[in-house]
Amino acid sequence: QDSLREVADGRAFDLGTAVDAAALRDDVSYRDTVRTEFNALTPENALKMGPLRPSLNTYDFTDADALVNFARANDMTVRGHTLVWHNQTPEWFQPWDYTDDQLRRFLREHVQTVVGRYRRSVGTWDVVNEAVADDGTMRETVWYDAMGEQYLDRAFEWANEVNPDADLYYNDYGADAVNEKSDAVYDLVERLLDRGVPLDGVGLQLHALGEWPDPDSVAENVRRFQALGLDVQVTEMDVAFPAGEEPDDALERQAEFYGDVLDACLDTGVDTLVTWGVDDARSWIRSFRDFSERYTGDPLLFDERNRPKPAYRAVREALST
Ligand code: G3I
4 QDSLREVADG RAFDLGTAVD AAALRDDVSY RDTVRTEFNA LTPENALKMG PLRPSLNTYD
64 FTDADALVNF ARANDMTVRG HTLVWHNQTP EWFQPWDYTD DQLRRFLREH VQTVVGRYRR
124 SVGTWDVVNE AVADDGTMRE TVWYDAMGEQ YLDRAFEWAN EVNPDADLYY NDYGADAVNE
184 KSDAVYDLVE RLLDRGVPLD GVGLQLHALG EWPDPDSVAE NVRRFQALGL DVQVTEMDVA
244 FPAGEEPDDA LERQAEFYGD VLDACLDTGV DTLVTWGVDD ARSWIRSFRD FSERYTGDPL
304 LFDERNRPKP AYRAVREALS T
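Just so you know, we're using full-length UniProt numbering here: the sequence shown kicks off at 4 and counts up by one.
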């Protein structure tokens, strides 16, 4: 039977996964699964500001370089995640220590140093992650407080300046189907485009936790972003049930949903889907108490012993048709 990567390669589809640098270094079976079953990868944490910035004046590219080099050695594309986010800023980074102008200069230097370093190896960036709050208003983050909504404009322009060839994405969760939040994301990206911001695409994270978005509505949502001239990618997919409520046929239901989302991608011309992790044992859901208490921790294509699940076969099936 073909691997996922073989069927994905066969139809020029980027099937990716979020990769943990330590697991890639320490676990040979994890490494082999990443290399043989996926043709794209997203560093799960290594390209975020926190891990990259041990201090104000230093960068630590060790893990990011290892992941980027692994991808290059295995002919895999890399999604750079993520340059500007309110989460996982460095522990030493206390915003009140800086003026607005110092924050702006700090952010510019961060974006341009990181994008510049990977100019030839990272072709797609989540430039800004999760700028819209769950109620549809702009999330009031340190960057928003310092620069207003234009922090998005500046971040995309700074990235574009050092890598004009990169595909620059806005990435968010809970905006997968047509809903109040995706309406707000739509309005935001429309404003950015109207202001001439070099935005190329929208990343739908598709963390399907408990309540899953209707794949038909996802397709409708994809189409309206495409109508703005934007590409769309599914960037962080995982599929979980409410804890303690999984039905007897949970694995089959999960498989069917993965297949339906892949079908929606293929129907709309979306050519990239990333699962947020390789195997269930390493899912982030298991390491976050407020998530592991609410959702089942088996959201991925491989089970906790790294064996393909029904969802794996559903993805292969969808990509084979
Ligand atoms: O590596 C350090 C370790 O050295 C340290 O001892 C330990 C305790 O502080 O922390 C470890 O880092 C953790 C890291 O995961 C690696 O395991 C961070 O604390 C922890 O916050 C981090 O969680 C990540 C989370 O984003 C927050 O950044 C998850 O792995 C990652 O799956 C999750 O991914 C996010 C996307 O980036 C954005 N969309 C939502 C998605 C799920 O939350």
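Where a beta carbon is used, it is the ideal one built from N, C-alpha and C, also for glycine.
Per-residue DSSP class, three states only, for residue i
i	result
V235	strand
T116	helix
S58	strand
L191	helix
T39	helix
P313	helix
V31	helix
Y173	strand
Y298	strand
V205	strand
R226	helix
D306	coil
G13	helix
R107	helix
8 angstroms contact criterion, which residue i and residue j should meet: CB distance rounded
i	j	result
A317	A258	4 angstroms
V205	Y172	7 angstroms
T20	L44	6 angstroms
V192	L202	6 angstroms
A69	R28	7 angstroms
F305	Y298	So it is not a contact: roughly 18 angstroms between Cβ atoms.
L322	F16	6 angstroms
Sequence-distant residues of its chain with Cβ nearer than 8 angstroms to residue i (five each side left out)
i	result
D12	N42
R120	F64
Beta-carbon contacts of residue i that lie in its chain and below 6 angstroms, excluding the five residues immediately before and after
i	result
N174	D129, N132, G206, T238
G280	A21, S286, L303
E40	S6, L7, R8
D301	D283
Cα-Cα separation, residue i to residue j
i	j	result
R157	E296	38 angstroms
H89	W99	14 angstroms
V264	E307	23 angstroms
A49	A24	7 angstroms
K312	F291	23 angstroms
M150	G199	18 angstroms
R310	Q229	36 angstroms
Y154	Y101	16 angstroms
F96	M79	33 angstroms
G262	E320	8 angstroms
T144	D282	32 angstroms
residue 352	A134	The chain is shown only over 4 to 324; residue 352 falls outside these bounds and no answer can be derived.
T278	R289	15 angstroms
F109	D137	27 angstroms
R82	R38	15 angstroms
A169	G247	43 angstroms
E244	H84	Just to set this straight, residue 244 is Phe in the shown sequence, not Glu. C-alpha separation (whole angstroms): 26 angstroms.
C-beta neighbour in chain B for residue i, strict 9 angstroms
i	result
F41	No chain B appears in this structure, which consists of one protein chain only.
Proximal residues to residue i (C-beta, below 7 angstroms), its chain only, five neighbours per side dropped
i	result
P93	M52, G53, R56
W161	R111, V114, Q115
E152	M141
residue 358	Missing from the structure shown is residue 358; the chain here goes from 4 to 324 and no further.
Inspect the CB distances between the region 181-192 and the region 209-226 and report whether three or more fall short of 8 angstroms.
-> Contact between the region 181-192 and the region 209-226 is present, with at least three C-beta pairs closer than 8 angstroms.
Do the region 226-246 and the region 272-283 touch if we need at least three Cβ pairs shorter than 8 angstroms?
-> Three or more Cβ pairs drawn from the region 226-246 and the region 272-283 lie within less than 8 angstroms of each other, which places the two stretches in contact.
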